[in-house]
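Position in the sequence shown counted from 1, then plus 32, gives you our numbering.
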Amino acid sequence: MSFENLNLHPLILKAIVDSGYTEPTPIQEQAIPELLAGHDIMASAQTGTGKTAAFMLPALHRLATPSKVHSRGPRVLVLTPTRELALQVSEAAAKYGKHLPRVKVVSILGGMPYPLQNKLLSQPVDILVATPGRLIDHIQRGRIDFSRLEMMVLDEADRMLDMGFIDDVERIASATPATRQTLLFSATLDSAIDKVAARLLKTPKRIQIAAQQARLDNIEQRLHYVDDLSHKNRLLDHLLRDMALKQAIVFTATKRDADTLADNLSAQGHEAAALHGDMSQRDRTRTLTKLRHGGLRVLVATDVAARGIDVAGITHVINFDLPKFAEDYVHRIGRTGRAGAAGIAVSFASGKDGVNLKKIERFTGQQIASHVVPGLEPRFKPRPGAGGASRGTPNVAHKRSRTWSNDTSGRNANSANGNRDNSRGRSFDSDNRGNSFRGSSNPSPYARTK
Ligand code: AMP
């Protein structure tokens, strides 16, 4: 199928051509006709699948026809769990809508000054992209007129649910016209999401795209068994000295660990910086801009902060700490291999990560081949079937029998100093209103080793 067959406005097609897209991705192919026909949809799609264009192109198509309602309020509302994702959605709106006359996109995000937002909201708005907490504040102050709202998009609804934003989302929805078209995108469509959809969507079309495996095909997944923190640090230093590594995101379990590890790496001479929810929006934006422009080689990040990051130069993702949840693993490694490029995802696993590793492999349907760096071999022997298939690639040298024993790290990589959301037991980085969790005040295990 080609974009021409989708009946989008010619000025939107022109922007698609400018973007260099030759054909719609599966989510675009399935969602766009349903949306142009006016249906609500709920779709399982993650970042990297082209889901942003799947909703933004039909949204812009609506905007090409003037509204019949006399108002300055938004015609399209996109709610996202994180500020970074909101900024990416806003950028996509500007990119795909650049040939349409006067499409005004406004982002309303937590952590940004109110006076500027008040000013933006006092002017006409076409597309409003917002994080739920800050938007609620403005709604309560009577600053938003939803009388001409036609479309509401819930982007990464599962994450909004996990982060405890869903009540805010429902309150926002109740302030909008019942005639609106509602779109829900989520990594997975489970029963919790079904309940939200039942309350907010009208007989939605359900769209499920490509299994996890298909989307990971261009990413080579590698596993390194590690004995302890010092072993992890030495391996990381080795991996970062590989010239084939252009840019990398290194994931840690907690915000504090991200800071400490970024400091350690900088002290070792790497161009590194941290990104997490405790940083001010200005610092986060500055760090991301630097990453985008190639001024930063290593970003040390936590799950939520790094979600949705779409930087073409990222050749490697390194799980310094393995995520506790398999879905997070897929989100993390999807930061590399963007738009069809090849990527490498390296995970460090200690003796205590066997169960997590198995969960991840079951979720992705793929075994992760274990690799060994000569001179940095692990001492412990993983048990057979505990995850981490040895494969016959030239780099794979791990052929010993496995028992998950002899772990000397003294810590589970995912024991995270707090940072938990108790709604569904998922890892929790921060919300958009600045109330991030810290948990225990244990000293970071990432004390400098060099
Ligand atoms: P998303 O899943 O929305 O985060 O998009 C992932 C990446 O795919 C972004 O860099 C988009 O610019 C790119 N993209 C979106 N649609 C297409 C398409 N039809 N063909 C090629 N790249 C695309």
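The beta carbon of each residue, even a glycine, is placed where N, CA and C say it ideally should be.
Cβ pair residue i, residue j closer than 7 angstroms
{"i": "Leu95", "j": "Tyr128", "result": "no"}
{"i": "Gln149", "j": "Ile140", "result": "yes"}
{"i": "Leu216", "j": "Ala189", "result": "yes"}
{"i": "Val349", "j": "Arg367", "result": "yes"}
{"i": "Val336", "j": "Gly369", "result": "no"}
{"i": "Phe178", "j": "Thr211", "result": "no"}
{"i": "Ile204", "j": "Leu167", "result": "yes"}
{"i": "Asp259", "j": "Pro410", "result": "yes"}
{"i": "Ile392", "j": "Ala344", "result": "no"}
{"i": "Met192", "j": "Pro113", "result": "yes"}
{"i": "Ile346", "j": "Glu252", "result": "no"}
{"i": "Ser312", "j": "Ala304", "result": "no"}
{"i": "Ala47", "j": "Lys130", "result": "yes"}
{"i": "Phe197", "j": "Pro236", "result": "no"}
Integer-rounded CB distance, given that residue j should sit under 8 angstroms from residue i
{"i": "His270", "j": "Leu408", "result": "6 angstroms"}
{"i": "Asn296", "j": "Ala374", "result": "Contact doesn't hold; Cβ gap of about 29 angstroms is too wide."}
{"i": "Leu323", "j": "His302", "result": "In fact, because the Cβ distance is near 14 angstroms, the residues do not count as touching under 8 angstroms."}
{"i": "Ser99", "j": "Arg180", "result": "5 angstroms"}
{"i": "Val330", "j": "Ala280", "result": "5 angstroms"}
{"i": "Leu307", "j": "Ala276", "result": "That belief does not hold up - the Cβ atoms of Leu307 and Ala276 are roughly 23 angstroms apart, past 8 angstroms."}
{"i": "Asp194", "j": "Leu111", "result": "Going by Cβ atoms, the distance from Asp194 to Leu111 rounds to 14 angstroms, so no, they are not a contact pair."}
{"i": "Val157", "j": "Arg104", "result": "7 angstroms"}
{"i": "Gln120", "j": "Asp342", "result": "6 angstroms"}
{"i": "Ala381", "j": "Leu255", "result": "6 angstroms"}
{"i": "Glu36", "j": "Leu43", "result": "That belief does not hold up - the Cβ atoms of Glu36 and Leu43 are roughly 14 angstroms apart, past 8 angstroms."}
{"i": "Leu248", "j": "Gln398", "result": "7 angstroms"}
{"i": "Val282", "j": "Leu268", "result": "7 angstroms"}
{"i": "Tyr257", "j": "Ser402", "result": "6 angstroms"}
{"i": "Thr396", "j": "Val362", "result": "6 angstroms"}
Sequence-distant residues of its chain with Cβ nearer than 7 angstroms to residue i (five each side left out)
{"i": "Thr284", "result": "Ala290, Leu293, Val332, Thr334, Phe352, Asp353"}
{"i": "Ala126", "result": "Val137"}
{"i": "Lys264", "result": "Val258, Phe352, Phe380"}
Own chain partners of residue i with C-beta closer than 8 angstroms, once the 5 adjacent residues on each side are dropped
{"i": "Gln213", "result": "Leu67, Gly70, His71, Asp72, Glu182, Met183, Met184"}
{"i": "Ile64", "result": "Leu38, Leu40, Pro56, Ala86, Leu89, Pro90"}
{"i": "Ile59", "result": "Ala75, Ala77, Thr81, Gly82, Lys83, Ala86, Ile239, Ile241"}
{"i": "Thr319", "result": "Ala305, Ala306, Leu307, Met311, Leu328, Leu331"}
{"i": "Lys234", "result": "Asp72, Thr214"}
{"i": "Asp461", "result": "Legend: pLDDT at Asp461 = 30, less than 50; position of this residue unreliable, value from coordinates given subsequently. Lys287, His308, Gly309, Thr334, Asp335, Val336, Ala337, Asn451, Ser468."}
Run of the beta strand (DSSP E) containing residue i, from where it starts to where it stops
{"i": "Ser312", "result": "Segment: none, Ser312 is in no beta strand (DSSP E) and carries neither H nor E."}
{"i": "Ile400", "result": "It is not in any beta strand (DSSP E) - Ile400 carries neither H nor E in the DSSP assignment."}
{"i": "Thr347", "result": "346-351"}
{"i": "Thr238", "result": "Correcting the residue type first, residue 238 is Arg in the shown sequence and not Thr. Start and end: 237-240."}
{"i": "Ala305", "result": "304-307"}
{"i": "Ile176", "result": "Taken as a continuous stretch (DSSP letters only), Ile176 belongs to no beta strand (DSSP E), as it is neither H nor E."}
{"i": "Ile140", "result": "137-140"}
Boundaries (first-last residue) of the alpha helix (DSSP H) holding residue i
{"i": "Gln45", "result": "According to the sequence provided, residue 45 is Leu. The question's Gln does not apply to it. Its alpha helix (DSSP H) spans residues 42-51."}
{"i": "Ala338", "result": "335-338"}
{"i": "Lys390", "result": "386-396"}
{"i": "Gly383", "result": "Premise fails: Gly383 is in no alpha helix (DSSP H) and is neither H nor E."}
{"i": "Lys151", "result": "146-153"}
{"i": "Val161", "result": "No alpha helix (DSSP H) contains Val161, which is instead part of the beta strand (DSSP E) from 159-162."}
{"i": "Leu68", "result": "58-68"}
{"i": "Ala358", "result": "358-365"}
Residues of its chain near residue i, where Cβ-Cβ distance is below 6 angstroms and the 5 sequence neighbours each way are ignored
{"i": "Arg432", "result": "Only weak support exists for where Arg432 lies, its pLDDT of 30 falling under 50; the coordinates are left without a value."}
{"i": "Ala243", "result": "Note on Ala243: pLDDT 45, under 50, position unreliable in the model; no value is reported."}
{"i": "Ala124", "result": "Thr84, Met88"}
Which residue spans inside the stretch 76-127 form an unbroken alpha helix (DSSP H) run of at least 4? 83-95
In chain order, what are the residue ranges of uninterrupted beta strand (DSSP E) at least 3 long that sit wholly in the stretch 182-234? 183-186, 213-218
Residue ranges of each alpha helix (DSSP H) run of no fewer than 4 residues wholly in the stretch 244-300, ordered along the chain? 244-247, 261-272, 287-299
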